[in-house]
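Have a look at the structure below, then the notes.
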């Protein structure tokens, strides 16, 4: 029943891990397709790199939280907890992650702005 959000959390965790590895390996150059694209991060390659490097701790946090919510939903399925528990976990997790991604954007912009100055 809660498999779609559970799978979504796992996919998000994998995306976060891959993104962190790509950023740490300096394999993500400025582009218009993948990454944190804002006026600040797109100003220069230095701003792009600074913004993405600053976002790494939050991306790791989001990945860990996504895995936690996936495991919690797996617990709901495995132990036949009330459906309301799963509903709350499914929605609250995505709202929390959305808020954290707004934080990622803000942190990346701040770092990119500092690098561009």
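In the numbering used here, the protein residues as written are 292 to 408. By construction, the Cβ of each residue, glycine as well, lies at the ideal position given by its N, Cα and C atoms.
The beta carbon of residue 321 sits closer than 7 Å to those of 333, 336 and 339, all from its chain and outside the five residues before and after it, given in chain order. Between residue 296 and residue 381, the gap from beta carbon to beta carbon is short of 8 Å. By the criterion of at least three beta-carbon pairs nearer than 8 Å, the region 340-348 is in contact with the region 393-401.
For residue 339, the enclosing alpha helix (DSSP H) starts and ends at 336-369. If you draw a 10 Å sphere on the C-beta of residue 327, you find 16 or more other C-beta atoms in it, and that means buried.
In the DSSP annotation of this structure, residue 316 is not part of any alpha helix (DSSP H), being labelled neither H nor E. At a Cβ-Cβ threshold of 8 Å, residue 352 and residue 387 do not count as neighbours. Residue 328 carries a coil assignment under DSSP once its states are collapsed to helix, strand and coil.
The beta carbons of residue 377 and residue 304 sit no closer together than 8 Å.
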